[in-house]
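Undergrad: A single structure is presented below for examination.
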């Protein structure tokens, strides 16, 4: 941790973002990689350390991340660090200072929910001293209430297809991209699909980063009027299956807000994705892209009502990440 | 250069790739960024230095790159370094050792052709000593002959559309992605489009990285039977316009090989892209993706004859790069 604090101090002192350092350790305690935050708009310390790790040809499987600040849960200009650590295969996170931010905080709890061993508070005084100004600012921010963050997840070929003409779609993306999507599931309060997806793919909608179910499981929300078949994988008899008999995305969100959901991932097919996009209530797109070309088959979105390029739904790229042969593009509306 | 050699020495001594270091200097000589090659499968030294530059929030516009080995012209597991340097806005490249590789060499000449000030040979003895084994191996490789490398360039939305339903397509990608594509043009021997593209967009098919025509201009090759309108931008009366009155990609390549072309970029629309893909003669795809969703409009490729996912054209991701809000995925067939 002292090395992580040393790294943090290399970052810019006057910056809207806090100075953070991160060291990644092998199970035997060897230092595998290091990183620090170089200021707003550049990768967070955890992402920098993971990039350093990859550049050195090491794997994060079974490793420990030591960070001066609780890994963030939100996605700002970069991907959420807690998801990145989980997806990389980190099993233990040791951090110094709790993140008091309303949007960014909660990463430690989310990681614990996903089955990661989380140790907070190590050298908290020293690490806090480095970011005293930032902590003062962030603590005075008002807490948002009743706000639901909607992520739309898609997985498609380079030509935007989610299935071949015969309907085959498993798997377009590879193991690492799927593990990443499971890490995102382990962080979210609810997963939403349409009845069409339940009938076509019979998904279990559980969070299984690296194959094992995480302790925290999201609500499984099925939208639409068609009945769910008896014995469907989504119906586990645990009271966490939610049916919303409507096609109106706003009604889905109202139902979820009434249940205290704050963070939702829409994983349904093109019909559901198109409805949410047309309703203008998607905050973030997670587009997983595989280096395949199909030339035909179902497209990732249906008719959005655009006829000319100026009407296209324009997003802002927040981060790109290579996951094996696939690419994850995270884009936000604002 | 001595610092670049020092950096190079940090790389792995026993590796199929040579040890290379790179320093990027501001016009006033200040060090802006550093990088070195960490071994096969990781970014080349130039790419590492450019990544370091971006992480520090600096720009490469007007900067000088100092490299221990001539920047590569080919694209292996990573993008071609000479293209990356040019696209980043580097104006001067100082390097130590000529790359004798048949595929990788020629980067210096290509950069000079693109209008970059290239200074070879600085501290060549010291830098050579560091990679003596690799130089021995690479010099004994046979020279390939009559081989043509075909790059297919596409620019599409996240849902694989290259135009809206009314045909509007300018511009799907942003300034940085277009500048990168122009840097690739400045490196190639020939650009191929179909008559459809000439009639629809009236492109000049010149290489203009950063707005200025580079000294080296590729042959402008127009494929198809329809006549080119009088006064078309592609017809500059310089003898570098080539007509191929055929729709057979192999005939196009035969014509180009007979003219000594070794490296070609196919920039035509979906019809031409599909013909080249179906013929199986594309070596590399440069897929520029913009964070837009259209939901309708022309797709980036037409029917490839695939009906099930197992028949999809599967590529291998070599590199991903963020260019402003856009993403470039470079994928190869092998």
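Protein chains in written order, with this note's numbering: chain C, 189 to 522; chain W, 189 to 522.
Beta carbons: idealized from backbone N, C-alpha and C, even for Gly.
1. Taking contact to mean 3 or more Cβ pairs, one atom from each stretch, closer than 8 angstroms, check whether the region 286–293 of chain C and the region 247–259 of chain C are in contact.
2. Near residue 194 (chain C), which residues of its chain fall below 8 angstroms by C-beta distance, leaving aside the five closest residues on each side in sequence?
3. Give, in chain order, every unbroken run of the alpha helix (DSSP H) that is at least 4 residues long and sits entirely within the region 227–271 of chain W.
4. Quick check on this structure: which residue in C:510, C:213 and C:522 has the alpha carbon closest to the alpha carbon of residue 504 (chain C)?
5. Cβ closer than 7 angstroms: which chain W residues qualify as neighbours of residue 465 (chain C)?
6. Rounded to whole angstroms, how far is the Cβ of residue 380 (chain W) from the Cβ of residue 440 (chain W), which I believe are closer than 8 angstroms?
7. If you draw a straight line from the alpha carbon of residue 377 (chain C) to that of residue 335 (chain C), how long is it in whole angstroms?
8. Would you mind giving the Cβ-Cβ distance between residue 250 (chain C) and residue 279 (chain C), rounded to the nearest angstrom? I have them listed as a contact below 8 angstroms.
9. Straight-line CA distance for residue 145 (chain W) to residue 394 (chain C)?
10. Around the Cβ of residue 342 (chain C), are there at least 16 other Cβ atoms within 10 angstroms (buried) or fewer (exposed)?
11. Of the choices C:212, C:391, C:474 and C:383, whose alpha-carbon is the least far from that of residue 414 (chain C)?
12. Could you check where the beta strand (DSSP E) with residue 514 (chain C) kicks off and where it finishes?
13. Compare the Cα-Cα distances from residue 314 (chain W) to each of W:474, W:472 and W:196 and report the closest residue.
14. Between which two residues does the beta strand (DSSP E) holding residue 345 (chain W) run?
15. Under a three-way DSSP split, which group does residue 477 (chain W) fall into?
16. What are the partner residues of residue 212 (chain C), as DSSP defines its beta bridges?
17. Would you say the beta carbon of residue 400 (chain W) comes nearer than 7 angstroms to a heavy atom of the ligand NAP?
18. Which word fits residue 513 (chain W), buried or exposed, when buried means at least 16 other C-beta atoms lie within 10 angstroms of its C-beta?
19. Would you identify the three-state DSSP class for residue 407 (chain C), choosing helix, strand or coil?
20. Applying the criterion that 16 or more other CB atoms from any shown protein chain within 10 Å of the CB defines a buried residue, is residue 418 (chain C) buried or exposed?
21. Chain C partners of residue 492 (chain W), CB-CB under 8 angstroms?
22. Which residues share a DSSP beta bridge with residue 505 (chain W)?
23. According to DSSP, is residue 285 (chain W) part of a helix, a strand, or is it coil?
24. Assuming residue 396 (chain C) and residue 429 (chain C) make a contact with CB atoms under 8 angstroms, what is their CB distance in whole Å?
25. Could you check which residue in W:219, W:225 and W:509 has the C-alpha nearest to that of residue 246 (chain W)?
26. Out of curiosity, what's the CA-to-CA distance linking residue 345 (chain C) and residue 481 (chain C)?
27. Answer with yes or no whether the minimum CB distance from residue 339 (chain C) to chain W is below 8 angstroms.
28. What are the residues of the region 359–377 of chain C that lie near chain W, defined by any Cβ-Cβ distance shorter than 9 angstroms?
29. In the DSSP assignment, find the beta strand (DSSP E) that holds residue 378 (chain W) and state where it starts and stops.
30. Report yes or no: do three or more beta-carbon pairs, one from the region 354–361 of chain C and one from the region 491–505 of chain C, lie closer than 8 angstroms?
31. Can you tell me the Cα-Cα spacing of residue 307 (chain C) and residue 338 (chain C), whole angstroms?
32. Can you list, in chain order, the stretches of the beta strand (DSSP E) that have 3 or more residues and sit fully within the region 388–450 of chain C?
33. Between C:262, C:276, C:400 and C:326, which has its C-alpha nearest residue 298 (chain C)'s C-alpha?
34. Short of 7 angstroms in beta carbon distance, which residues of its chain neighbour residue 406 (chain C), apart from the five on each side in sequence? Order them along the chain.
35. Determine the closest residue to residue 523 (chain C) out of W:473, W:243, W:293 and W:326, with distance taken between C-alpha atoms.
36. From W:496, W:389, W:190 and W:445, pick the residue whose C-alpha is nearest to that of residue 311 (chain W); which is it?
TA: In short:
1. yes
2. 209
3. 233–243
4. C:522
5. 481
6. 6 angstroms
7. 13 angstroms
8. 6 angstroms
9. This structure does not reach residue 145 (chain W), given that chain W is present from 189 up to 522, and the question cannot be answered.
10. buried
11. C:383
12. 514–520
13. W:196
14. 337–345
15. strand
16. C:221 and C:253
17. Annotation note on the ligand NAP: not contained in the displayed structure, which lists no ligands.
18. buried
19. strand
20. exposed
21. 481, 482, 483 and 484
22. W:519
23. strand
24. With 8 angstroms as the limit, residue 396 (chain C) and residue 429 (chain C) do not qualify as a contact, their Cβ atoms being about 17 angstroms apart.
25. W:219
26. 6 angstroms
27. no
28. 359 and 360
29. 378–382
30. no
31. 29 angstroms
32. 407–411 and 429–432
33. C:262
34. 373, 376, 377, 378, 379 and 395
35. Outside the shown range of chain C (189 to 522) lies residue 523 (chain C), about which nothing can therefore be said.
36. W:190
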